[in-house]
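Number of protein chains: 2
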Amino acid sequence: MDLEALRSANPDHWSKATAIRALTLDAVAAANSGHSGMPMGMADVATVLFEKHLKFDASAPLWHDRDRFILSAGHGSMLLYSLLHLTGYEDFPLDELKNFRQLGAKTAGHPENFLANGIETTTGPLGQGISNAVGFAIAEEILRARFGKKIVDHHTYVIAGDGCLMEGVSQEAIALAGRQQLSKLVVLWDNNNITIDGTVDLADRTDQIKRFEASGWDVREIDGHNPEEIDEALTWAKTGKRPKMIACKTHIALGHAAQDTSKGHGALTDADQLQAAKIAYGWDAGPFEIPADVKSAWEEIGRRGTEDRFAWEARLEEISDRKRAEFHRTMNGEAPKKLGAVIRAFKKQCAESQPKAATRKASEMVLEVVNPVLLDTVGGSADLTGSNNTKTGDMEVFDETNRDGRFIHYGIREHGMAAAMNGMALHGGIRPYSGTFMCFTDYARPAMRLSALMQQPVVYVMTHDSIGLGEDGPTHQPVEHLAISRATPNTLVFRPADVVETAEAWELALTQTGTPSVLSLTRQGLPAVRKDHKAKNLTAQGAYVLADAEGKRQAILIATGSEVAIAMEAKALLEAEGIGTRVVSMPCMELFAEQDEAYRKRVLPAGPVRVAVEAGMRMGWDRWLLGERGREKKADFVGMSSFGASAPAEVLYEHFGITAKAVAGKVKALL
Amino acid sequence: MDLEALRSANPDHWSKATAIRALTLDAVAAANSGHSGMPMGMADVATVLFEKHLKFDASAPLWHDRDRFILSAGHGSMLLYSLLHLTGYEDFPLDELKNFRQLGAKTAGHPENFLANGIETTTGPLGQGISNAVGFAIAEEILRARFGKKIVDHHTYVIAGDGCLMEGVSQEAIALAGRQQLSKLVVLWDNNNITIDGTVDLADRTDQIKRFEASGWDVREIDGHNPEEIDEALTWAKTGKRPKMIACKTHIALGHAAQDTSKGHGALTDADQLQAAKIAYGWDAGPFEIPADVKSAWEEIGRRGTEDRFAWEARLEEISDRKRAEFHRTMNGEAPKKLGAVIRAFKKQCAESQPKAATRKASEMVLEVVNPVLLDTVGGSADLTGSNNTKTGDMEVFDETNRDGRFIHYGIREHGMAAAMNGMALHGGIRPYSGTFMCFTDYARPAMRLSALMQQPVVYVMTHDSIGLGEDGPTHQPVEHLAISRATPNTLVFRPADVVETAEAWELALTQTGTPSVLSLTRQGLPAVRKDHKAKNLTAQGAYVLADAEGKRQAILIATGSEVAIAMEAKALLEAEGIGTRVVSMPCMELFAEQDEAYRKRVLPAGPVRVAVEAGMRMGWDRWLLGERGREKKADFVGMSSFGASAPAEVLYEHFGITAKAVAGKVKALL
């Protein structure tokens, strides 16, 4: 590249873009790790985006109607941190950049949304940002329909690299965005032809333009170092009815000895080469130094949106107090006051009617009373709507003709669905929940982990939660998936036993502010186990005594979900033989672990033998069986230790020995 | 559809295809569950494929040079079972079809490869079959290059539905196949425009033809009920240099009242409608009855390949004894005799040199000695070749110009990579291994679970296995992933502590015949902990005493991988204070659990306090801490209980308290 030509053609642009490159080189050198090449390659595109198109106000990073900027290629985090510093975000003083990748810094190796304002989402696992962005764009559409264009009207811009586009989840996102005609979504593809292993060609020859077009996107190709072309393309991107992809031909690590090579992807820390690049840029400021005029030009960009924001605030004042209050409640993720009341009323009604139902059906019953009062929910399913029971009567389907719709047909795309839900939650104003089979947690895993890491209260409605699924067989029967979700930090895993516990689980899930929930629900019908109405949410304690021993307490059975009824049957068998048996329902291990020791001991006192029963793997159970004053040789587990099989559910429960008789037998063997 | 016109145009074809439809209707009705519509829609395509194109011999289902037929849309399992029954596969007598979806039947709800010959892979989780198929086709290319076209020369045919094509993994597979010009891969897309929720349009408007073409496929569209068009397209599909996709326009549940509706996807069990469909077909045989002439025509098809097979066997006789023996060894998945010897020699050398190395580097050192003697290995990486250390000096890159290559650049496609490895292993003749970061186990999860369920000895080289990854931060630092892999049935999880244990882990992984292995390897350098050479593979016992207490044994430290050295340091601290401390290295929990109780007690005797140390979540550890005669209040754990952070590795180990001092402190607190 002829840097001198680039520089002389657009000297003002060049100095602004070069500030990003210089800060990137300096921060990576200081950390002695990181990824230099991408920020250096995409600095021109990002500069034009921030200077002329992105609606933002650096002094109000949480302005609800800002455009969202998603760095899907999260390894290029210094691009984002440079922009946030240069434009004057409070969370990004120069010291943060000097502390790049150090403990406690806001400038983590990859952008982490929970560390600082200005970081819209956590990226790094490739393909996630572009898929979150689909959720951001859907959230904008839904909120615009709900609150009006004067209050909600913004774009979502994504920078994605070849890694993002190779990950399968990107196809799910691209196809969903195309189907939904998300015209305010703009993807800037960093087409630099380089991945870690070498040129893209080593692993891929896909014509990305044709691929995006095949899914209903409009596409343009530009020189990603030409500010006029970038500007024109971004202007074009805000027109029309389809999502837009701009293929930006760039040079990774522009101007460095490693330009256009895979070495350029990583940490360019060689001091001489670093200096040589700066000389080539015509940049003579010292490390982390930004010439005053350049900094000042960038800070002006940071203030570009202030007037727009004031105008928006004025418009917000113009709407009715009620609507404004609702907008604030929604955007702040607060549950409406009525929510608790409708759930309590529902529970009371269940105590009277004692409904028998599969918990997936119970979930639908709860949603039927919740959705009309909690208008923030957006439901969906990965093509299992009738099986997951996630669409309630009041919900219309969201599509290009009905942006009021609150139910999304995500298609057979569990991963894209979860990532889109993350985007909606991050955007704010939406409480996303969606369903698939529990076993397909596997497909959604990367995004489910990010819900937890990003502290987003997404709700995963995972039905068909055991061998109780029956004939579809082991490919569809989760056995290790409760353990997988429970092993994940900051995740609540609910496995309710009946309609009442399902209502309690939903109440907890819908009032979380920083934790995702997994609702593990049965396909098969279950009896009511909660006989008396309690206004209090017993599930909030994680576990509680469902039924105590009639005589001397000799055994404690601990169970979750569909196995609580089995434990109750086992109790009846044991009591008939004079063996006093307590049944503890444990719908949420994580919440039980959070209770104080006194409560935990009250529920699980030392002394009696303990048998846990759950149609899943034992992993995770030993704490409650062997620990918490349990004792080896005085505890056992009834559940799965292998994959399931294809047969009717009741046959499988017999075959794998998950029966009241087996539970009672284990108790007697321990006594 | 005018069935009468279809029937009269090709009566012989019609009766054969209708046999599939009738058996499907009967089996689903008998099971009262299943998926009728897809086999009914694709019966014509499958009939022509089996009758005129597929190279197979029903009497020799394991014939190595057969074409592979992959039913990616696995819910349509009755299509496959019908074909296998009709053509005369021994494992599929009529009784098996009558027992569809019942316990112990070979006719599980979804096809399960390990239940019967004739089922090439386990499908049902959508997108897996088409992605396995890429691995099958790669295996064929590599083996053809290795053993010659006279011995290996076959096609891979896939039937995929809209669900398969919506799953992101299909994009990874399609792009990889296009890049690799897998000309012997043929995908038959069941283009019926229906998914469970309704018409495809609800969730997708992708132009699939354009999408495949964008990735370098040749595509044709046909009427999937017209046998001539099907035949012509299949003839065409065997020409040219690119993979082929045939878009087959079909009617789901052809001829049934539910034709062309989402209801048609599921179980069509209504007796009257079933009968009406059979009448419309002109089929008057009773349930599960196949007219003798039709059965006989199908059986003739089942024998179509016999002559070809004999010719192939004759050709196999013509090659040298040595080459033939090697072919058989390879295809039977037997390790060469030399493998054990080279690994023992390598260990001996390590005992002398005491190499310090990251275990990812250790893994490369092992592979450098293994790959030249085990020619069945095919390595790869999801664009982290230099980080995963999976490419050895003798390995060339596999691509369209070099089918001899044994290293595959999978691109940033962890899921597609894992699924392709499953396909290679299922094909036979290949021992696939490949790498990514341990944290991205998440992306590969659905296929990793299937390695376990399908009993395939795939090796996952998962490097950067903890916070020891350092600055890339929590998005890249696994904490729950050891628990996730350990919770999965039939999976060996190895976390070796040094070069010697890494060699032992590889030996075990490469000699498995029905179990996948996960090698959890460090980024950071580790000291040698195995000081003396033992010819015996100590890792085979799962855990062993690495260093015993010097005086009275008061404490046992259990550790894995990078934390074994920390445990050894803690031991030194404790012994200095007179606290006799044993260190147990536990590179594989699953193998330790398989040892007899006497051995387990010898390694972990009752009495001493126990502290486990592993830079991951505690889940899975309580068995060894609290159980096995451990005791609460006498055991503790040093590890992670949250996500990690972005900082240098050594800072993180301090920050999260995973240090020798912390371990020693825990021991003293328990004593």
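Residue numbers (the UniProt record's numbering), protein chains in the order written: chain A, 1 to 671; chain B, 1 to 671.
Beta carbons are placed, not taken as given, at the ideal position from N, Cα and C, and that holds for glycine.
- Checking the DSSP bridge columns, you'll see residue 189(B) partnered with 160(B) and 247(B).
- With a 10 Å radius around the Cβ and a threshold of 16 neighbouring Cβ atoms, residue 104(A) comes out exposed.
- Beyond the five residues adjoining it in sequence on each side, residue 53(B) comes within less than 6 Å, by CB distance, of 234 in the same chain, given in chain order.
- The way I'd put it, the region 63–78 of chain B doesn't touch the region 428–436 of chain A; fewer than three beta-carbon pairs between them come closer than 8 Å.
- Put simply, of 510(B), 664(B) and 242(B) the residue whose alpha carbon is nearest the alpha carbon of residue 554(B) is 664(B).
- Contact note: residue 195(A) reaches chain B through 383, 411 and 412, using a C-beta cutoff of 8 Å and chain order.
- Judged by DSSP secondary structure, residue 24(B) falls within the alpha helix (DSSP H) whose first and last residues are 11–31.
- Distance between residue 40(A) and residue 270(A), taken at the CA atoms: about 16 Å.
- Residue 18(A) and residue 283(A) have their alpha carbons spaced roughly 8 Å apart.
- Secondary-structure assignment with DSSP links residue 583(A) through a beta bridge to 547(A) and 557(A).
- Here the alpha carbon of residue 532(B) sits roughly 10 Å from the alpha carbon of residue 347(B).
- Rounded to whole angstroms, the gap between the alpha carbons of residue 182(A) and residue 251(A) is 29 Å.
- Excluding five sequence positions before and after residue 666(A), the CB atoms of its chain that fall closer than 7 Å to its own CB belong to 611, 636 and 638, given in chain order.
- With a cutoff of 7 Å on beta-carbon distance, residue 524(A) and residue 644(A) are scored as not near each other.
- Assigned with DSSP and collapsed to three states, residue 272(A) falls in helix.
- When C-beta atoms of the region 480–487 of chain B are compared with those of the region 387–407 of chain B, fewer than three pairs fall below 8 Å, so the two segments do not count as touching.
- Residue 95(B) and residue 82(B) have their C-alpha atoms some 12 Å from each other.
- In chain order, 452, 453, 489 and 490 make up the part of chain A whose C-beta sits under 8 Å from the C-beta of residue 643(B).
- Residue 171(A) belongs to the set of residues whose beta carbon lies under 7 Å from a beta carbon in chain B.
- In terms of beta-carbon proximity, residue 443(A) lines the interface with chain B, with at least one pair separated by less than 7 Å.
- Taking 7 Å as the threshold, the shortest C-beta distance from residue 102(B) to chain A falls below it.
- Three or more Cβ pairs drawn from the region 31–49 of chain B and the region 100–116 of chain B lie within less than 8 Å of each other, which places the two stretches in contact.
- Of the candidates 209(A), 641(A) and 162(A), the residue whose Cα lies closest to the Cα of residue 383(B) is 162(A).
- Of the other Cβ atoms in all chains shown, 16 or more fall within 10 Å of the Cβ of residue 491(A); this residue is therefore buried.
- The beta carbon of residue 167(A) sits closer than 7 Å to some beta carbon of chain B.
- When Cβ pairs closer than 8 Å are counted between the two stretches, the region 542–550 of chain A is seen to touch the region 564–571 of chain A, the count reaching three or more.
- Bridge pairing for residue 436(B): 462(B) [DSSP].
- If you compare the alpha carbons of 211(B), 484(B) and 473(B) with that of residue 449(B), the shortest gap goes to 484(B).
- Put simply, the backbone Cα of residue 420(B) is about 9 Å away from that of residue 128(B).
- Between the alpha carbons of residue 377(B) and residue 489(A) lies a gap of roughly 36 Å.
- Annotation for residue 21(A): 40 and 43 place their beta carbon closer than 6 Å to its own, counting only its chain and skipping 5 residues before and after.
- Put simply, of 50(A), 59(A), 470(A) and 487(A) the residue whose alpha carbon is nearest the alpha carbon of residue 307(A) is 59(A).
- DSSP lists 558(B) and 637(B) as the bridge partner or partners of residue 612(B).
- Residue burial annotation: residue 578(A) is exposed, with fewer than 16 other C-beta atoms found within 10 angstroms of its C-beta.
- Taking the Cβ atoms as the reference, residue 646(A) lies roughly 3 Å from residue 473(A), within the contact range of under 8 Å.
- Secondary structure of residue 476(A) (DSSP, three-state): coil.
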